[in-house]
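Report on the structure given below.
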Amino acid sequence: MFAMAARRLGYRVHTLAPDHDTPTGQIADEEINASYDDLDAVRAFASRVDVVTFEFENVSAAAVAEAERHAIVRPNGRALSVAQHRIREKTFLAEHGLPVAAFAAVREARDLESAVQKVGCPAVLKTAAFGYDGKGQVAVARAGEVAAAWDTLDRREAILEAFIDLDREISVIGARGVDGGWSHFGPIENAHRCHILDVSVAPAHVPPGLAAQAIDVTRQVMEGLEYIGLMCVEFFIAKDGRLLVNELAPRPHNSGHLTFDACRTSQFEQQLRAICGLPLGSPEMFQPAAMANLLGDLWRNGEPNWAAALAEPGIKLHLYGKSAPRPGRKMGHLTALAATPEAARQQVMAARDLL
């Protein structure tokens, strides 16, 4: 979807990924198949483009540094380093006075006891790096369980975070341009199933004061990182009304896929405008919208019934061109626009049921 936005504005697109026939590679001008850690390949790739960006944050610092020697990299390496490592991420947020749950770093066995004393239980133990969609996380109900939980994570560097009595989750996607110009799409409400995003609805059903706070925090994060590009800040809203930052995603985000149909400027075009030094576009939303993810599980009985869903007025289908459906793999999404967020949610979920 980013490549589509780039091509519409006349840009050529090169992509580097370890897999062949990727969704971007299918429409890119050049697809390079190489490991993200292959510095020779990264050097060759960056030498042939003007601007480098990411759709996946787990890229090594060495690869980013090599790319920065040959092209403009947006977002910058510092922002990527903070966002890809939970200890650095939470430390950055806390040092800037931004709201986060109580946390403690776990790097060796002796850290476990002090972490529990600081954070308390129940809590969640998470790997510091390479975790997404619920991977690398273990719930800890009592202090005596934390050592076994760390064992299940292969004793990797981790972070212990206080458990949140959750009311709902929201995200705010912001864009910051070369000139410091800033824009956002407003809070989007997210529902998960098995730790994977299931349905997103915009605008989120949250009090105006809380929405304003989430937007302000997003802006502070991006300015604090001297960020250029698109960023999603994911938030927890606790049942006691507290707003807490959960994660930073330095890229377009699954929850913002509905902007492709619902907004005057999609998150993908906005990312392109930001990193290429163009004025940011209007994030105006035409109507309330909802997005439902399509996971590989839908293919378990054969090809889904696309015609049934598309017979419903106002339903848009996006398939990503991934070669093989697997359980839990995001293969595409449906979008619905309606007069109210709840109506959009009901329409998109009903359409997905028809598949």
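This note's numbering puts the first residue of the sequence shown at 97, with every later residue one more than the last. In this text, a Cβ means the ideal position worked out from N, Cα and C, and glycines have one as well.
Check whether residue i and residue j have beta carbons under 8 Å apart
i, j, result
"V295", "V444", "yes"
"I324", "R108", "no"
"A432", "G410", "yes"
"L256", "A334", "no"
"E162", "A142", "yes"
"I123", "L112", "no"
"A350", "L293", "As written in the sequence, residue 350 is Asn, which differs from the Ala given in the question. A contact, by the Cβ cut-off of 8 Å."
"Q363", "P375", "no"
"E322", "N172", "yes"
"L413", "W395", "no"
"R441", "L430", "no"
"A298", "G282", "yes"
"A224", "E253", "yes"
"I260", "A197", "yes"
"A167", "V138", "no"
"G392", "R360", "no"
"M427", "L390", "yes"
"A159", "L135", "yes"
"Q366", "S279", "yes"
"A200", "S210", "yes"
Where residue i sits in the DSSP three-state scheme
i, result
"K214", "helix"
"K71", "Because the chain spans 97 through 451 in this model, residue 71 falls outside it and cannot be assessed."
"L450", "helix"
"N286", "strand"
"T355", "helix"
"R272", "strand"
"G428", "strand"
"A225", "strand"
"R264", "strand"
"A113", "strand"
"F199", "strand"
"D125", "coil"
"L194", "coil"
"D294", "strand"
"E257", "strand"
"A434", "coil"
"A300", "coil"
"A239", "helix"
"A440", "helix"
"A161", "helix"
Element boundaries [alpha helix (DSSP H), containing residue i]
i, result
"A306", "According to the sequence displayed, residue 306 carries Leu and not Ala. Its alpha helix (DSSP H) spans residues P304 to G320."
"L406", "W402 to L406"
"G173", "G173 to A179"
"V138", "L135 to S143"
"W246", "V242 to T248"
"A99", "F98 to R104"
Residue span of the beta strand (DSSP E) that contains residue i, given as start and end
i, result
"E153", "Taken as a continuous stretch (DSSP letters only), E153 belongs to no beta strand (DSSP E), as it is neither H nor E."
"I411", "I411 to L415"
"N235", "This sequence places Ala at residue 235; Asn is not what is there. Element bounds for A235: Q233 to V236."
"H280", "W278 to H280"
Stretch-stretch touch, CB-based, cutoff 8 Å, three pairs: the segment 367–386 with the segment 265–273: yes
Please determine if the segment 171–180 and the segment 328–336 are in contact, where contact requires at least 3 C-beta pairs separated by less than 8 Å. no
Does the contact criterion of 3 or more C-beta pairs under 8 Å hold for the segment 335–353 versus the segment 378–386? no
Kindly provide the ranges of any alpha helix (DSSP H) runs that are 4 or more residues long and lie completely inside the segment 326–389, ordered along the chain. 355–358 and 363–371
Using 8 Å as the threshold, is the segment 215–223 in touch with the segment 281–291, meaning 3 or more CB pairs across them? no
Please determine if the segment 309–324 and the segment 352–359 are in contact, where contact requires at least 3 C-beta pairs separated by less than 8 Å. no
Counting beta carbon pairs with one atom in the segment 229–246 and one in the segment 150–165, are three or more of them shorter than 8 Å? no
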